[in-house]
Each structure stands twice: as structure tokens, then as C-alpha cells.
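Chains as they are written, first to last, in the numbering used here: chain A, 98 to 479; chain B, 41 to 547.
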């Protein structure tokens, strides 16, 4: 059974339960100030009501609500976290279909543009559109519904095939040895924040976690990680500002072995992928890890900002060259970012997305589930 | 460097037009389609790209350029004008309040580079205007954001106001402004936390701060790598706050920089600065016209001249010019020149500002790294003082000795000496007005009095012709030549204008 059929089956099941599901969602949504556009008038009201002197307080109560709501909807958290992404993707699509008159050149040009606007990427968009042109003709689809189904089925299949054989489980070292996770990425994508969240995730699973602050370059970077370590109550290894980051890595690995830690997270300074010297520095760090622990790092995670456009592909390519990236973390997916780039990355680079960041709070990080993600994107369209 | 790929794509698109005496409407449409795809691939907003193409097409057809002379050159000009217009014609300076302090507030998504930009901008004002800025740390949410600003403030000796993370940002800003007024700071920067434009609670906080602080400047910081989402972000912040300008960061990456092209169009607000590196000095004023030429691969002679003016020691340069004229330029001077060139930053970036260089295939081979400079230096250092003054002394035996001394192969030594001689000869001819430069360059420099410009032309000539292998002759023939010619003419006009202005001022 293809992924598309599975998704459609699931949609049917859900529709049967829709009433109760919908009510549940509605109930839990109402008090939440941050949500989709339809809720805006309500939001303003609740905003004014809650306009208390301290913004911090507001934050706290908000996070409580968030937790409550998370527990309620554990199974659907993906979908809800990606509300924005999904709605903007499907809105664009609905707009395209609303203008649909006939299957002709113009329509496919518009389809191309819709895909590009979703950050799917130019080549990918062209490819899909070309293939669809043939397919639509072959199936002799002419009604709106048929065409829409063909398009969505195609997108889902492309996504599914490109992801074949990809494993988005995290890899760990064999028992008795620390697993090392190295985090790389350009400036400001959220490497440190991701580590803070992920460390907490594994701490809660009972792992003994150590952080290494190998970003000795950016002002305040070490303090930022130390603060996360403090919040997560895990240990952290630091170095002096502007010292060689490789030395921090060395200390971190050593301590993780001697102290029998389960997981070592290595935070590195943000670097642009076209800066050769800094990319070589990264290679050096990796070498230092491998010298002490031959099978490490178990994971080299490239952190990508979901709002990045086509440059994300370039980032993935060049980081992959220098450090053999094993997986991706997609951050800031709670905004209006179109998830389209996930499609492009799958298609071109075959790097599995392993985690997605959906907000600023410590539990706003989720293991990536490919089927759930695509279901979230297309749910309204199947 | 940003825009590189966009440049090469647009140039490929234009190639269909080059060399054609006549351009049919079909040719034009085909080219425009390619340009549109190039823009979309560079993450330019869909609507912006569509408008752009429409306007270029209308202009090209309306002005009947297709029937006129040199249609392809005309189309290049229209594309260039339109690109400039899209990015906002002129550079817009920072707003200034009539009475101190001028308050500048930052806004933007997480990780866009607000704090870094605050430090860079404050440092720039301090260096250039002798300003006494105060930085207010109002990001209480991200761990260690305040420490980051404080640490930057320490490095730059700029005071930072903070009240820790326990205080409401509104209160912090209020107190900070009070302190600024007491201490008579002339600029105040408010560094705010990163937030999503759809986060109503945090956007309200920004609005409150804005109402209270009444900033003269609200700068939206945008990552140049942002995709189609850039316009939504810009619109969101603009609708909520009424931003006054944009800072584009991380432009030193290899992004195609489409965000730069669409933000202005969507918000109508100017891009004021661009961040191009991790050092505090890596912040530049955004010049739309120069950026347009860079995107079209036409180089950016004006920025190059400004850079040489800023970084070159004028006195030394004129001494060298003198020496060139007298033909007494020796290896010692060569060393000096090497050092000065190195001071100006990565050679590749400099070369790309020269018209026709950005996409010269020779550029790809001519990887001139800092290592090459040190190799050249090592060779000169291995010469005796006598040899440095008189290259004629350099017999094969001496060259072998120099090679051994500098740890370079003899071939390298030979090449350096040969290049040095060629360069000296060319400079001699050139400075004595006998030509010998590539065609376009001569046009451009012919009309200007080098000393009046404060740059000696040998630098330009040196960059273009002498010294380095594989770089002679800017891209001639085909479109490269056309674009370069056009850029030359334009640059020449601008230089003339600048000269007139300068002369006026002297009178």
C-alpha cells in the first residue's frame, strides 16, 4: 500500500471520529493566545484579559497551558505544532485550485509557481510539474477533484520514494561507551537551543548527559549553553573565550569517557558553509572525537532554519562534504515557514530529518515523523 | 560572496541576446523567462519576480529598443535600471533625531543577527561620528542574550544597560532611556528578543516598547538566506510596528540573496545596511545601484575605489607612483604593495568589483589566497638587499639560492621575477601615458586625473593587469564584453561626476 493510500485511509478514519476530535481541539484551543488566524478576535480578547503587569508571568501560564494541551493531544502534536506551516501550504494550494479552469499550460505554470512559493525549490517544482503534465494527460483527468488528487498523490509519492531507506532514528554507541552528537550549522539557526531541548529530552529518559561548549567564538555562546545546562540540570564542559574549540571538544570527550556519560552533545560555532577555513576547523573537531572514540560521533546533526530558502540545499551539501552529516534538525517550524524545503532536501540529498523544533520552550522539540509531517501538510487536500 | 549564482544565471539568460543585431520579441521573451526563473531560484518573492519581468518587458517594448541600435546592450541597461529601482535607487542614511538621543530599535526573527548588528552599528557610529552610544539589553528570553551584548560592549568599550532577566523589557527600556538622557548619550540602541511576527504576545511587547521609546529608527533585521517567507516576515513586522529600515545580514554566505530584492518592494522600506562577516567592522551601507551592477556581473568600481581610498596609504601610493614613473620601482616597493593589498581584504572580493571580472572564467582558476601572498613575500625576503633593488642581478644561480631559501620551487621564483618585470614595464608605460592597458580600462582612466581622485591608477592597473597570472584582459567578446563596456562607460561617467563635485568643493 502506498503512502498516499495509507494517508487517505487515515483521513477517513479520522473523519468518522471527527466530531469528538474537533470538539476536543476546539476546547483546548480556545484559551490559547497563539493560534491560527481564525481565532484572532478571540485572541485579542484573551490578551486584554491577561494583560497583567509581568510579561514573564504570562509566559509561565502560557507554557502551563501548552503542557496541558500537549498532554491532551499527544498523538496529534505534530499536526498542531505545524498548524501554520500546513495552513499556509494548503491555502496556497486551494488558491491554485480555486483558479482552476482547464488543464493547460497556464495551469501548470501556476502550479510551478505555487510549489516555488512553498520553498520546494525551482528544479524540483519544474520536475514535478513536468511529470504531472504527462500523468494528468495519461489519466485523462479533467475535473478539479481528479486533478487535485493526481497532484497530491504525486507529491506524496515523490516524498515517499525520495525518503526510501532513510532512517530517522537516532544512532547510539554500544553499551558502555558515550554516544557523541555533534551539532553543526550556519549562524543563528538554533544549534544551542536545540541542544538545550534535546539534552532535556534524553535526561528525562534517564540518560546521563554531558554538554561541550565548543562555540568559543561568539560572544555569550558559552554562557547560553551553561544556562541550558543549568535548566536541564546536566553537566557542561567549557573553554576560555576565543580558545581553540578543538580543545573543548577534547576535554568533553575525555570527560564523557572518564565520567561514564551516556551522551555527549557538542555545540559548535555557527559558520557559513562557504567559509573554507571554518569548515576545516569543523573537520578537525570531528577528527579529535574519532581519535578518542573510533565509532564516534554517532550523529552529526546539521541544524537548518526552516525559513531558509534554497540556500538550505547548499548548506546541506557543503556541510555533508566536510563532516558527513548524518541527519537534519529543522528549527523554527512554528512560524509561517513553508515546509517545502523538506521535500527538496529529501529529493536531492537523501538526508533524513531527525528532529523538528516547534517553539522556544524546552519541550518544543519533537522527533521527526515523516508520515505525520506529510499528513499534516496535505490533510486538508486529500 | 552572495549573489554569485544569481549573477551567473542572469548572464546565461542574457547570452541568448548577445551578438544579435536584431532582437525579436520571441528572443526577448525567452530571455525574460530565464531571468524570471533565475530570480525565483534565488528566492525572490514570486510577485516581485513577476512584476519585475513585466516592467522590463514593457519598457523594452515601449521604448522600441528592439528596433534601435544595440538592442542587447539596451536590454542590459533596462534590466540594470529596473534592478536598481527594485532595491530602492539610492542609499538611505540612518535617521537622526533633532535632539539627542537618537533611539534605534531592533526587531526581527530569532537568529537573524540583531545583537551582532547592534554591536556593529554602534561601533560604526562610534568610529565615524565619535558617537557615545548606549546599548539597552532588552532580550530577557533567550539564555545569555544579555551576556552576549555585554561581552560585545566590553570589547568595543561601549556601555550596556541591563537589569538582568527578571525585569519586564518595557521597564528595562524605560530605565535605560532615562540613564541615556542623564548621561547624555547621543545614540541609544534597543536590542530586543527575536520573535515570530505571528507571536501576538511578543509583538504586543514590541509595540508597547515602541510607543514608549518613540524610536527614530526601527530596523528590521533579516537573514539574507531567508526564502519565500522573507516577505511575510517583513510585512508582519512592518504592519505591526511601521519599520523604518532593514538590515540584511549574513550576506557573506553563498546565498543568492533574493530576499534583498523583494523586501523593499513589499514593504517600501529601504535596506540601510548589510552585514557581511563576523568581525565588528563587517557592516556596510547598502547601495542599490552598486548591488545591481554586482548582480549583473558588471562589477562595482565605485566601491573598489572607496575601499582603496580607505585602506590605501595615500602618501605611500604617490611615492610608488613617482617610482614607477622614474622606473625605479623595485622589490621593496613590491613588498609594500603586497602588504597594502592584503590589508584590503580577500583578493577575490576585490577582483569581483572590477567590471567583467565576476564571471570571468579565468577567475575560477585564479584562486589567490593569503598563502600565495606569503609565498611571494617569502621569495622576496630571500633576496639580498642588492637583489631587491636591482633585479638584473638575479642570475640562475642566485635564483636557485632564493628558491632554496624561500622553500619554493625555482619555477615560482622565475615566474615572480618575470611578472615583476612585466608589471614594472606596464606601469612605466601606463604612468607615462603610453597606454598598454586593456581597452576598457584605458577609456575609464584616461579622463581622470589620478592625484585628484586620491587613488593612483596603478592600483587599478595592478589589480587588473600586472602581478597576478591569468587575470589579464577583462572578459571581452560576447555578452561579457558588452556588459563590461557598458559598466565601464557608466563608471566613467560617475567618476567624472565625482571629480566635478570635488573640484567644485575646492573652489
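Glycine residues also receive a C-beta, built at the ideal position from the N, C-alpha and C atoms.
Would residue i pass as an interface residue toward chain A - the criterion being a Cβ-Cβ separation below 8 Å?
{"i": "residue 252 (chain B)", "result": "no"}
{"i": "residue 225 (chain B)", "result": "no"}
{"i": "residue 129 (chain B)", "result": "no"}
{"i": "residue 48 (chain B)", "result": "no"}
{"i": "residue 214 (chain B)", "result": "no"}
{"i": "residue 435 (chain B)", "result": "no"}
What do you reckon, are the CB atoms on residue i and residue j nearer than 8 Å?
{"i": "residue 352 (chain A)", "j": "residue 307 (chain A)", "result": "yes"}
{"i": "residue 281 (chain A)", "j": "residue 402 (chain A)", "result": "no"}
{"i": "residue 177 (chain B)", "j": "residue 143 (chain B)", "result": "no"}
{"i": "residue 369 (chain B)", "j": "residue 464 (chain B)", "result": "yes"}
{"i": "residue 552 (chain B)", "j": "residue 329 (chain B)", "result": "Chain B is shown only over 41 to 547; residue 552 (chain B) falls outside these bounds and no answer can be derived."}
{"i": "residue 141 (chain B)", "j": "residue 208 (chain B)", "result": "no"}
{"i": "residue 149 (chain B)", "j": "residue 77 (chain B)", "result": "no"}
{"i": "residue 145 (chain B)", "j": "residue 255 (chain B)", "result": "yes"}
{"i": "residue 361 (chain A)", "j": "residue 275 (chain A)", "result": "yes"}
{"i": "residue 371 (chain A)", "j": "residue 294 (chain B)", "result": "yes"}
{"i": "residue 252 (chain B)", "j": "residue 213 (chain B)", "result": "yes"}
{"i": "residue 233 (chain B)", "j": "residue 182 (chain B)", "result": "yes"}
{"i": "residue 364 (chain A)", "j": "residue 312 (chain A)", "result": "yes"}
{"i": "residue 187 (chain B)", "j": "residue 317 (chain A)", "result": "yes"}
{"i": "residue 278 (chain A)", "j": "residue 394 (chain A)", "result": "yes"}
Give me the chain B residues within the contact set of residue i, using Cβ-Cβ distance strictly less than 8 Å, ordered along the chain.
{"i": "residue 325 (chain A)", "result": "183"}
{"i": "residue 306 (chain A)", "result": "Within 8 Å Cβ-Cβ: nothing; residue 306 (chain A) doesn't reach chain B, min ~17 Å."}
{"i": "residue 369 (chain A)", "result": "290, 292, 293 and 294"}
Please state whether DSSP places residue i in a helix, a strand or coil.
{"i": "residue 304 (chain A)", "result": "coil"}
{"i": "residue 454 (chain A)", "result": "strand"}
{"i": "residue 263 (chain B)", "result": "strand"}
{"i": "residue 238 (chain A)", "result": "coil"}
{"i": "residue 312 (chain B)", "result": "strand"}
{"i": "residue 360 (chain A)", "result": "strand"}
{"i": "residue 110 (chain A)", "result": "helix"}
{"i": "residue 381 (chain B)", "result": "helix"}
{"i": "residue 427 (chain A)", "result": "strand"}
{"i": "residue 148 (chain B)", "result": "strand"}
{"i": "residue 289 (chain A)", "result": "helix"}
{"i": "residue 118 (chain B)", "result": "helix"}
{"i": "residue 444 (chain B)", "result": "helix"}
{"i": "residue 323 (chain B)", "result": "strand"}
{"i": "residue 366 (chain A)", "result": "coil"}
Could you tell me which chain B residues have their CB closer than 9 Å to the CB of residue i, listed as they occur along the chain?
{"i": "residue 431 (chain A)", "result": "236, 238 and 239"}
Taking Cβ positions only, does residue i come closer than 8 Å to chain B?
{"i": "residue 216 (chain A)", "result": "yes"}
{"i": "residue 195 (chain A)", "result": "no"}
{"i": "residue 457 (chain A)", "result": "yes"}
{"i": "residue 402 (chain A)", "result": "yes"}
{"i": "residue 284 (chain A)", "result": "yes"}
{"i": "residue 139 (chain A)", "result": "Low per-residue confidence applies at residue 139 (chain A): pLDDT is 42, beneath 50, and the placement is therefore not dependable, though the value from the model is reported in the following sentence. Not one chain B Cβ lies under 8 Å of residue 139 (chain A)."}
{"i": "residue 210 (chain A)", "result": "yes"}
Spell out the partners DSSP gives residue i in its beta bridges.
{"i": "residue 549 (chain B)", "result": "Because chain B spans 41 through 547 in this model, residue 549 (chain B) falls outside it and cannot be assessed."}
{"i": "residue 464 (chain A)", "result": "A:452"}
{"i": "residue 209 (chain B)", "result": "Partner(s): none; residue 209 (chain B) has no beta bridge."}
{"i": "residue 396 (chain A)", "result": "A:278"}
{"i": "residue 326 (chain A)", "result": "Bridge partners of residue 326 (chain A): none, in fact."}
{"i": "residue 285 (chain B)", "result": "B:259"}
{"i": "residue 477 (chain A)", "result": "None, per the DSSP bridge assignment."}
{"i": "residue 124 (chain B)", "result": "Partner(s): none; residue 124 (chain B) has no beta bridge."}
{"i": "residue 244 (chain A)", "result": "According to DSSP, which records beta bridges pairwise, residue 244 (chain A) is partnered with nothing at all."}
{"i": "residue 300 (chain B)", "result": "DSSP, once it has assigned bridges, lists no residue as partnering residue 300 (chain B)."}
For residue i, which residues in chain B fall below 7 Å Cβ to Cβ?
{"i": "residue 225 (chain A)", "result": "The contacting residues do not exist; residue 225 (chain A) stays about 15 Å from chain B at best."}
{"i": "residue 213 (chain A)", "result": "80 and 86"}
{"i": "residue 405 (chain A)", "result": "265, 266 and 267"}
{"i": "residue 320 (chain A)", "result": "184 and 187"}
Just to make sure I have the definition right: I need the residues of chain D whose C-beta is within less than 9 Å of the C-beta of residue i. Which are they?
{"i": "residue 379 (chain A)", "result": "As a matter of chain content, chain D is missing from the structure shown, whose protein chains are A and B."}
For a contact defined as C-beta to C-beta under 8 Å, what are the partners of residue i on chain A?
{"i": "residue 321 (chain B)", "result": "Correct list: empty, because the minimum Cβ distance to chain A is about 15 Å."}
{"i": "residue 152 (chain B)", "result": "285"}
Which bits of chain A does residue i rub up against, with CB to CB less than 7 Å?
{"i": "residue 191 (chain B)", "result": "316 and 317"}
{"i": "residue 83 (chain B)", "result": "406 and 407"}
Listing by chain order, which chain A residues have their CB less than 9 Å from the CB of residue i?
{"i": "residue 298 (chain B)", "result": "406 and 407"}
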